[in-house]
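First comes the structure, then the notes that go with it.
Chains as they are written, first to last, in our numbering: chain A, 2 to 97; chain B, 435 to 760.
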C-alpha cells in the first residue's frame, strides 16, 4: 500500500491552560485542517489536557539538521559569560 | 496497551556500517541519551523498533475487538460508558504508536498493509474470545495489568518518540485496570452464579496472560541486543514474575483461585512461584491457530474495506477545497 497523499501528517500543539504556551504533543493524519483539529481533540484531549489546539502540516515545519548540532549549538555552550553566575558580586551586596 | 514477545531483535541481516558511528551510537545509549527520529541509528535498531512499535500499535487496534463486542451488552449505563471510553483509549493508543512508528520512515498505510495481509504479528492475547461479561473484568484486571508491567519500563526506552507515546499510554492505562478489577470485585461479591462467572473468566485468562510476557529467558534469543540498546529494560521472566507477585494478593482479595495447582509462595526469594506454562499453546496462537486469529483479521479487513468510502469522500472534499482556494 502506498502512502495516501491525500491524508498528510499534521503536528499537534496543545495549550494546557491559559498562561502557558502551546506544546507539541504528537501527530496525526487528516485530509484537511478541520479534520485535523477534530481528530486532535479526540486523540489528544480526552482527559482535559487542553483549552486550545494548533495543528500544523508536518511538511510546513523546517527543522535544523541533527548533524549540524555541534556547529549550531556549541557557541551557546562555550560562552559562560552569558550566564549570571559568571560574574562575582561582593558578599555584602547579597542577592542581585 | 499491549506489547509482548514483540520485543525480538531483527537480526537476520547485519548491514555493514561505519563502526565508529555504531560505537558513538552505543555510547549515547549507554549515557542514557534519547535517540530522536532524525538521528543516525543502526539499521537493525531502526528495523527492530519499526517492528516492535508497529506490532504494539496493531495490538491496540486488534485489542478493541474482544471488548468492543461487549459495549452494547454491558449490564448498566455506567459500565457501558466506562467500556466505551476504554475501547476509545485503545484506539487512541494505536494512533500514538503508529505515529511513533512512522518517525522511523515507514508510512501508516504500509503498517496497515502488513497487518491486513497477515504478515505482521500482534499480541497473542487477542486471539482468545471474550465469551461472558466477566471476561471484560478479567481483561481489564489481568490483560491490562500485564500490559502495564510491560509498558512502564518502555517509558524509559532509548527511542524518544516511542518513550513519549508510552508515557501518554501509561497515564491513561491505569483506569483500564481499575475498571476491570471493579467488575471482578462486584461479580465475586455477587450471587453464586456471578462468582462462578468471575472464576471461569480467571481460569481462562490467567495462563494466556502469563504468556503475554513472551518466551522464557532461557529460550528468548533476541533480547540481548534490545537490552543493550535499552529498548528493553527487563527480561520476559522478570516482568512475568513482577506480574504474578502483584496479582496473587489481588486474586486472594477477590476470593478467587488462580488455576495453578503448583502456585506457592517461596519464603527464600519472596516470590510467588508458578507452574509450567504451556509454550506449545503460545506457539500455536502466534502461528495463527488460536481460537480467534481468523475472526480478528477478518474483522479488521472488513472494517478497513467498509471505511474506504469515508477515506475517499474526505480526500475528495479536501481536493475540492484546495481547488476552490486557488
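All C-beta atoms, glycine included, are put in the ideal place defined by N, C-alpha and C. Note that the structure is a prediction, hence the values are computed from the model and not measured.
(request) Quick one: using the 10 Å Cβ neighbour count with 16 as the cut-off for buried, is residue 536 of chain B buried or exposed? (result) Residue 536 of chain B is buried by the Cβ-count criterion.
(message) Please list the terminal residues of the continuous alpha helix (DSSP H) segment that includes residue 490 of chain B.
(response) 477-502 is the span of the alpha helix (DSSP H), which, as asked, contains residue 490 of chain B.
(message) Buried or exposed for residue 717 of chain B, going by 16 or more other Cβ atoms inside 10 Å?
(response) It is exposed - the Cβ of residue 717 of chain B has fewer than 16 other Cβ atoms within 10 Å.
(message) Please list, in chain order, the chain A residues whose beta carbon lies closer than 7 Å to that of residue 533 of chain B.
(response) Result: 27, 28, 29.
(request) Would you kindly report the start and end of the unbroken beta strand (DSSP E) that includes residue 10 of chain A? (result) Where residue 10 of chain A is concerned, the enclosing beta strand (DSSP E) stretches over 10-16.
(message) Starting from residue 54 of chain A, trace the beta strand (DSSP E) in both directions and tell me its first and last residue.
(response) For residue 54 of chain A, the enclosing beta strand (DSSP E) begins and ends at 53-58.
(message) What would DSSP say about residue 713 of chain B, mapped onto helix, strand or coil?
(response) Note: residue 713 of chain B maps to helix in three-state DSSP.
(request) Pick helix, strand or coil for residue 692 of chain B, following the three-state DSSP scheme. (result) Residue 692 of chain B falls in the coil class under three-state DSSP.
(message) Using only the alpha-carbon positions, how far apart do residue 483 of chain B and residue 540 of chain B sit?
(response) Between residue 483 of chain B and residue 540 of chain B, the C-alpha separation is close to 11 Å.
(request) Please state whether DSSP places residue 555 of chain B in a helix, a strand or coil. (result) Per DSSP, reduced to three states, the secondary structure at residue 555 of chain B is coil, with no helix or strand assignment.
(message) Taking CB distances under 8 Å as the criterion, tell me whether residue 489 of chain B reaches chain A.
(response) No, residue 489 of chain B lies away from the interface with chain A (no Cβ there is under 8 Å from its Cβ).
(message) Quick check on the burial criterion: 16 or more other C-beta atoms within 10 angstroms. Buried or exposed for residue 2 of chain A?
(response) No answer about residue 2 of chain A holds up, because its pLDDT of 39 lies below 50 and its placement is not dependable.
(message) Cβ closer than 7 Å: which chain B residues qualify as neighbours of residue 36 of chain A?
(response) What residue 36 of chain A touches in chain B: 748.
(request) Please determine if the region 641-651 of chain B and the region 672-685 of chain B are in contact, where contact requires at least 3 C-beta pairs separated by less than 8 Å. (result) Look at the beta carbons and you see the region 641-651 of chain B touching the region 672-685 of chain B: at least three pairs across the two are nearer than 8 Å.
(request) Answer with yes or no whether the minimum CB distance from residue 44 of chain A to chain B is below 8 Å. (result) For residue 44 of chain A, the nearest beta carbon of chain B is closer than 8 Å to its own beta carbon.
(request) Report all residues from its chain with a CB closer than 7 Å to the CB of residue 62 of chain A; omit the five preceding and five following residues, and keep chain order. (result) 12, listed in sequence order.
(request) Would you list, in sequence order, the uninterrupted alpha helix (DSSP H) runs of no fewer than 4 residues that lie entirely inside the region 528-611 of chain B? (result) Segments of the alpha helix (DSSP H) lying fully in the region 528-611 of chain B: 542-550, 567-572, 578-588.
(message) Run through the DSSP bridge pairs and tell me what residue 687 of chain B is partnered with.
(response) In the DSSP assignment, residue 687 of chain B is bridged to no other residue.
(message) Just to confirm my understanding: we take residue 90 of chain A, look at its own chain, exclude 5 residues before and 5 after, and list those with CB closer than 6 Å. What are they?
(response) For residue 90 of chain A, where only same-chain residues beyond five positions count, the Cβ hits under 6 Å are 97.
(request) Go through its chain and collect everything with a Cβ distance to residue 498 of chain B's Cβ below 7 Å, but skip five positions before and after it. (result) Only 521, 524, 525 meet the Cβ criterion.
(request) Go through its chain and collect everything with a Cβ distance to residue 433 of chain B's Cβ below 6 Å, but skip five positions before and after it. (result) Limits of chain B in this structure are 435 at one end and 760 at the other, which puts residue 433 of chain B out of reach.
(message) Taking the straight line between their C-alpha atoms, what separation do you get for residue 70 of chain A and residue 487 of chain B?
(response) In a straight line, the C-alpha of residue 70 of chain A is about 27 Å away from that of residue 487 of chain B.
(message) Tell me the rounded alpha-carbon separation between residue 638 of chain B and residue 15 of chain A.
(response) If you take the alpha carbons of residue 638 of chain B and residue 15 of chain A, they lie about 42 Å apart.
(message) Just verifying my parser: in three-state terms, what is the DSSP assignment at residue 664 of chain B?
(response) The three-state secondary structure of residue 664 of chain B, taken from DSSP, is coil.
(message) Between which residues of its own chain and residue 621 of chain B is the CB-CB distance below 7 Å, once the five residues before and five after are set aside?
(response) If we look at residue 621 of chain B and ignore the five residues flanking it on each side, its Cβ neighbours are 568, 571, 628, 629, 631, 632.
(message) Quick check: what's the CA-CA separation for residue 457 of chain B versus residue 26 of chain A?
(response) Taking the straight line from one Cα to the other gives about 32 Å.
(message) Run through the DSSP bridge pairs and tell me what residue 706 of chain B is partnered with.
(response) Answer is B:699.
(message) I'd like to know if residue 751 of chain B contacts chain A, where contact means its C-beta is closer than 8 Å to some C-beta of that chain.
(response) Answer yes: the Cβ-Cβ gap between residue 751 of chain B and chain A drops below 8 Å somewhere.
(request) Determine the direct distance from the alpha carbon of residue 745 of chain B to that of residue 59 of chain A, and round the result to whole angstroms. (result) The alpha-carbon of residue 59 of chain A is positioned some 20 Å away from that of residue 745 of chain B.
(message) So, does the region 664-671 of chain B touch the region 591-611 of chain B, judging by three or more C-beta pairs under 8 Å?
(response) Result yes; three or more Cβ-Cβ pairs closer than 8 Å.
(request) Could you tell me the distance, in whole angstroms, from the CA atom of residue 437 of chain B to the CA atom of residue 533 of chain B? (result) With a pLDDT of 46 at residue 437 of chain B, under the threshold of 50, the modelled position of that residue is not reliable, and the figure given next carries that caveat. Note on geometry: alpha-carbon atoms of residue 437 of chain B and residue 533 of chain B lie some 16 Å from one another.
(message) In the DSSP output, which residue or residues are listed as bridge partners for residue 469 of chain B?
(response) Partner(s): B:593.
(request) Let me know the secondary structure DSSP gives residue 24 of chain A once reduced to three states. (result) Residue state, collapsed to three classes: strand.
(request) Look at the Cβ atom of residue 542 of chain B, then the Cβ atom of residue 30 of chain A, and state whether they are nearer than 8 Å. (result) Taking 8 Å as the Cβ cut-off, residue 542 of chain B and residue 30 of chain A qualify as a contacting pair.
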